[in-house]
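What follows is a single structure, written as structure tokens, with notes after it.
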């Protein structure tokens, strides 16, 4: 009999951090390109990933904590890219540049991810257990 796996957010946090790291690497390789989807994926990665991991809606505290975790991932990635001057591509927003776009898209997606992770949506049953 195998021991039951603990359902902690740390594996999901690592995955969300990996997405942020991948964004940084891609931006170092192609600084003239703007990876518009990257801050969105980093923003929603932690809350929605944790929601899928525990297979139930997050409590308000969990949703806030995972949203803050996403904000930290975003702040680190955007900070590194800004410091290294690697956010030089065009922006989809009518104001600001690529840095502004990354901050706005990331912040909005972290909040939206946390809200959606707390919604009581029924997930399909896990067929592997």
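Numbering (the numbering used here), first residue to last: 77 to 205. Glycine included, each C-beta is placed from N, C-alpha and C at the ideal position.
Q | Rounded C-alpha distance that separates residue 98 from residue 122 | A | 15 Å
Q: Look at residue 174 and residue 110 and say whether their C-beta atoms are less than 9 Å apart.
A: yes
Q) Would you call the CB atoms of residue 167 and residue 115 closer than 9 Å? A) no
**Q.** Pairwise C-alpha distance: residue 144 and residue 159
**A.** 22 Å
Q) For residue 92, which of 128, 136 and 118 has the nearest alpha-carbon? A) 118
(Q) Given a cut-off of 9 Å on the beta-carbon distance, is the pair residue 120 and residue 165 in contact? (A) no
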